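Below is one structure, written out as structure tokens; the observations come after it.
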Amino acid sequence: MADKVLRLSISLRQIMAFAKRDFKDWKTYKTQVITQLITIAIGILSWAINALYRNRPVPEYDTDYISFLVVGLVIGNLVMPISQGIERRLNPWTLENIIMTGIPIPIFVIGQIAWPYMFSLITFIPQLLIGIFWFGVNLRINPISTFFAFIVSAMILLGLSMISIGFRLVTKSTDPITWTVNTLQQLLAGISFPVQFLDNFIPGISQLSWFLPQTWVYHLWRLAMLKAASIMDPAITLEFLKGSIFAVFLFPIGYRVFKWGLNRAKRDGTLGWF
Amino acid sequence: MTKGIAIEIIDLVKRYPASIGRISGRHPHMGWQVGGIRELFSRKRNYIQALDGVNLKVYEGEVFGLLGPNGAGKTTLIKILCTLVLPDSGKAYVNGYDVVKEPEKVLRNLQAVLGDPRGFDWRLSARANLEFYAALYGLPRDYAKKRIEELLGFMGLIDRANDMYQRFSTGMARKLQLCRALLLDTPILLFDEPTAGLDPISAVEFRHLLKDKLAKSERRTIFMATHNMFEAQTMCDRVAIINRGKIIACDKPENLGRYVNPTKRYVFILDKHNTTSSVKSFMNEVSSLKGIINFNLLRDEDSSMKISITVNENFMISDILAIAIKYDLKIMDIKYYEPTLEEVFMTLVGGREAWPTRF
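Residue numbers (this note's numbering), protein chains in the order written: chain X, 13 to 286; chain E, 9 to 367.
Here it is as structure tokens:
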């Protein structure tokens, strides 16, 4: 038991070491810090203003469009760094040295995204407050559902990240799978409109959206934050179970793809290549 | 007392695909692998043979040099030992642990300085970089702090510890890499071209650090890949010469000459006042001795004489000296020549006999 606690505390310290390194690195780029914060603020403003202009009800979540959009944007800022962080932070120059420390793969993956995610958490609350007090976003949050939405979406995005990084270790550039998923997400995942809205253009196309993991990320978060949906409700439980199927499949697949990419790079002798 | 084996390499083979699109179809430890698209449709495969059946043993506390030209397979061998490259076949053990099956245990016994200065975060200070790696190694916080200060002091970097890494010179960067490799205090250290890119003073300092502090004082096993002959000759207890993925010689540096030519050469420099008859008598008698391979009389411009004698490795030089005394031959100097490591290397790797050109 004591050994397990010690192991856990070492793992936590290892994750924090990544976060600390990346935070220190990040804050040395003063201009980037400022521009990053401004970009987030402008992003919220521009989307919200756009939404105000054509506000309309969103019956799927019993809410109005501004609430739908701002929450979508906030969710995007909160969970997307999980998939983007690992891609951006993977540095082939340091990879060999990091692997030589003998660090376990999951710790390495979580460590890589720790800082971008903490940064998202820090900005999450102000973004929500701006949404609520400036644009009158109507939040009806169910904490338990929100917690589960977080777990499911984190697993989905972590799985996608590991798939992406596994391929990137081999291809040394953007992998086609991540590119396809991210590109389709722009149109089909329902970031700025309910996916059902797509049926107005091509009847039935919204059904395709539900095969995209990111659609479930947005859907579950919106259920939990806009509709106060309780997972005790069988219909909601079913929605969460459907989303969990992606998590259950993508997480282990991601782990295997990551491991495959790592072994393949080791076999080809290209681990330190970029 | 027999020394334990720190590193053992048995029939190690490694081939790399010549291009990214072509990868090996089968891996002995991993079964079938997904190949590149071209691989699926092409039967023609191009490979680079990096290691071709390498066998080596490195003993505890030894400074072992792996000498070879560029592309000989030195870095591949080092990276296999570091668990960064997987071999195609064969075995490699570090303190008894298999590099393929037990990488975590291997990395608790061995760390490396790979020579790539980009291994640190350029925007962080030297100390912050070491703190990061100490955490990844799982070192307890207080111990890590103490160890980092110790190492920075040991390497003479304490005054620059808070400087951004990108301000570091090549020599300082190399020292910081060594600090990182020493964080875990492993008994085995690997170096890939330890002094490449260093100025002469930094190189001397770094060699001193390796040989005297890490090897002699701390009794660590040092395995270094180099193509610097001087480094190999002066620092290593044993040297292996690798070429095209094969070990072609392995011995103490002073014994490697035998791989080129198992003979000894002496040059007798004679006083110019020796009579021609005494020299002639001496030469006649010496030429009849058993074990003499080659015998030449050389005259310099100032009419002084030299006799170059090549003998087999068991020949006793005292036999020649006894004849010289018998004929009252005045000898000013005797020079003994053996191939330098560079000449051995040139002969073995370059395929030409380099060392006789000095005569």
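The C-beta atom is built at its ideal place from N, Cα and C for all residues, glycine as well.
Just so we're clear, the structure is a prediction, and the values are computed from it rather than from any experiment.
I want to check one thing, is the minimum distance from the CB of residue i to the heavy atoms of the ligand MN below 6 Å?
i: glycine 123/X; result: What this structure holds is no ligand at all, so the ligand MN is not there to describe.
Considering Cα atoms alone, identify which of the options is closest to residue i.
i: valine 4/E; options: Lys343/E, Ile250/E and Asn269/E; result: Residue 4/E is absent from the structure shown; chain E starts at 9 and stops at 367.
i: aspartate 200/E; options: Thr194/E, Pro270/E, Asp220/E and Gly123/E; result: Gly123/E
i: leucine 85/E; options: Ala143/E, Lys254/E, Leu147/E and Tyr267/E; result: Lys254/E
i: lysine 314/E; options: Ile301/E, Asn282/E and Met324/E; result: Asn282/E
i: leucine 181/X; options: Thr282/X, Gln208/X, Leu151/X and Glu72/X; result: Thr282/X
i: alanine 257/E; options: Gly76/E, Arg188/E, Tyr67/E and Ile325/E; result: Gly76/E
i: valine 5/E; options: Asp207/E, Arg149/E, Glu226/E and Asn170/E; result: Only positions 9 to 367 of chain E appear in this structure, which leaves residue 5/E out of reach.
i: arginine 266/E; options: Phe140/E, Asn322/E and Tyr151/E; result: Asn322/E
i: valine 108/E; options: Asp308/E, Pro347/E and Ile17/E; result: Ile17/E
i: phenylalanine 238/E; options: Ile342/E, Arg228/E, Arg252/E and Pro202/E; result: Pro202/E
i: isoleucine 27/X; options: Leu250/X, Tyr41/X and Pro128/X; result: Pro128/X
With H, G and I counted as helix, E and B as strand and the rest as coil, what does DSSP make of residue i?
i: cysteine 187/E; result: helix
i: aspartate 34/X; result: helix
i: valine 107/E; result: coil
i: valine 70/X; result: strand
i: proline 264/X; result: helix
i: phenylalanine 276/E; result: strand
i: asparagine 89/X; result: helix
i: valine 82/X; result: helix
i: lysine 260/E; result: coil
i: leucine 218/E; result: helix
i: valine 102/E; result: strand
i: asparagine 275/X; result: helix
i: serine 326/E; result: helix
i: alanine 80/E; result: coil
i: serine 177/E; result: coil
i: aspartate 76/X; result: strand
i: threonine 355/E; result: helix
i: threonine 135/X; result: helix
i: threonine 271/E; result: strand
Would you please state the rounded distance, in angstroms, between the beta carbons of residue i and residue j? I believe it to be under 8 Å.
i: alanine 26/E; j: asparagine 54/E; result: 4 Å
i: proline 261/E; j: leucine 349/E; result: 5 Å
i: leucine 115/E; j: glycine 273/X; result: 20 Å between Cβ atoms; not a contact.
i: alanine 120/E; j: leucine 222/E; result: With a Cβ gap of about 13 Å, alanine 120/E and leucine 222/E do not count as contacting.
i: isoleucine 156/X; j: isoleucine 217/X; result: About 33 Å; that fails the 8 Å criterion.
i: leucine 220/X; j: leucine 200/X; result: 6 Å
i: asparagine 89/X; j: isoleucine 144/X; result: Contact flag wrong, Cβ pair sits at about 15 Å.
Label residue i either buried or exposed according to how many other C-beta atoms from any shown protein chain fall within 10 Å of its C-beta, with 16 as the threshold for buried.
i: lysine 298/E; result: exposed
i: aspartate 211/X; result: exposed
i: lysine 82/E; result: buried
i: glutamine 185/E; result: buried
i: glycine 39/E; result: At glycine 39/E the pLDDT is 34, less than 50, meaning the model places this residue with poor confidence and gives no usable figure here.
i: methionine 167/X; result: buried
i: proline 215/X; result: exposed
i: leucine 85/X; result: buried
i: methionine 324/E; result: exposed
i: valine 17/X; result: exposed
i: glutamate 108/X; result: buried
i: leucine 138/E; result: buried
i: leucine 89/E; result: buried
i: glycine 148/X; result: exposed
i: glycine 29/E; result: Confidence at glycine 29/E is low in this model, with a pLDDT of 48, below 50, so the placement of that residue is unreliable and no value is reported for it.
Got a sec, what are the start and stop residues for the beta strand (DSSP E) residue i sits in?
i: tyrosine 41/X; result: It is not in any beta strand (DSSP E) - tyrosine 41/X carries neither H nor E in the DSSP assignment.
i: methionine 313/E; result: 313-320
i: asparagine 251/E; result: 246-251
i: isoleucine 230/E; result: 229-234
i: proline 25/E; result: 13-25
i: glutamine 119/E; result: 118-121
i: tyrosine 4/E; result: This structure gives no information on residue 4/E, because the portion of chain E shown stretches from 9 to 367.
i: phenylalanine 140/E; result: Not the beta strand (DSSP E): phenylalanine 140/E falls in the alpha helix (DSSP H), residues 134-144.
Going by DSSP, what residue range makes up the alpha helix (DSSP H) through residue i?
i: tyrosine 371/E; result: Here chain E has residues from 9 to 367 only, and residue 371/E is not among them.
i: asparagine 292/E; result: 284-295
i: tyrosine 230/X; result: 225-238
i: methionine 167/X; result: 155-183
i: tyrosine 345/E; result: Segment 339-345 is the beta strand (DSSP E) holding tyrosine 345/E; no alpha helix (DSSP H) there.
i: arginine 307/E; result: Segment 300-307 is the beta strand (DSSP E) holding arginine 307/E; no alpha helix (DSSP H) there.
Quick one: is residue i near chain C, going by C-beta distance under 7 Å?
i: methionine 112/X; result: Of the protein chains in this structure, namely X and E, none is chain C.
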